[in-house]
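Taking numbering that gives the first Met the number 0, the leading residue of the sequence shown gets 0, the next gets one more, and so forth. By construction, the Cβ of each residue, glycine as well, lies at the ideal position given by its N, Cα and C atoms.
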Amino acid sequence: MIKKWQERWDIDKHNNTYGILKPIISNWHWCRHENRALDVIMTKMRLEKIGLNKYLHKINLSPTNLCNQCNNGDIETVEHYLLSCQKYNAQRARLSSFMRQLGIAQITVPSLLGASNTDPENKKRITIELGSFIRATNRMDKL
């Protein structure tokens, strides 16, 4: 059954963001937090169905898809929130420093959300540090 599931996943994985992040069907034990709310937020980020204006606008819960945190005219996507929103430069500096310590010079959304080419222990550490970033920004639901 797992083999059939993987074959189907291989066909469909390029049609969605989650497939790019998770090329192989497997359990991601390393991505679990003691804080269930963080697990949910990170899963929503992987699926791009999170309370940021791009998604909220798509489901008619925001009048705009633009970021109202930095007001640069950028669409508020997961990528914008994690990598470029100017409001969170200080929080991002800590995250960037941590990633460089792991030998990851170029931070990407996939590397933060689980697709980095590193061992499971480092992936767990990245997940914990990303959780710290999310809490520090106070952008997501209260944790």
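Check, Outcome
"Candidates T107, R35, G102 and M139: closest to N121 by CA position", "G102"
"Own chain residues within Cβ distance below 8 Å of L82, not counting five before or after", "R91, I106, T107 and V108"
"Residue range of the unbroken alpha helix (DSSP H) whose run includes R45", "R35 to L46"
"Contact belief for I133 with I49 at Cβ below 8 Å, rounded distance in angstroms", "With a Cβ gap of about 10 Å, I133 and I49 do not count as contacting."
"Inter-residue CB distance, N59 and E75 (contact presumed, cutoff 8 Å)", "About 16 Å; that fails the 8 Å criterion."
"Boundaries (first-last residue) of the alpha helix (DSSP H) holding N64", "Careful: N64 lies outside any alpha helix (DSSP H) and carries neither H nor E."
"Burial state of S110 (16 or more Cβ within 10 Å)", "buried"
"Minimum length 4: unbroken alpha helix (DSSP H) runs contained in the stretch 76-121", "88-100 and 108-112"
"N52, enclosing alpha helix (DSSP H) - first and last residue", "N52 to K57"
"CA-to-CA distance, T42 to A104, given in whole angstroms", "24 Å"
"Given A89 as reference, the closest of A135, E6 and L37 once Cα atoms are compared", "A135"
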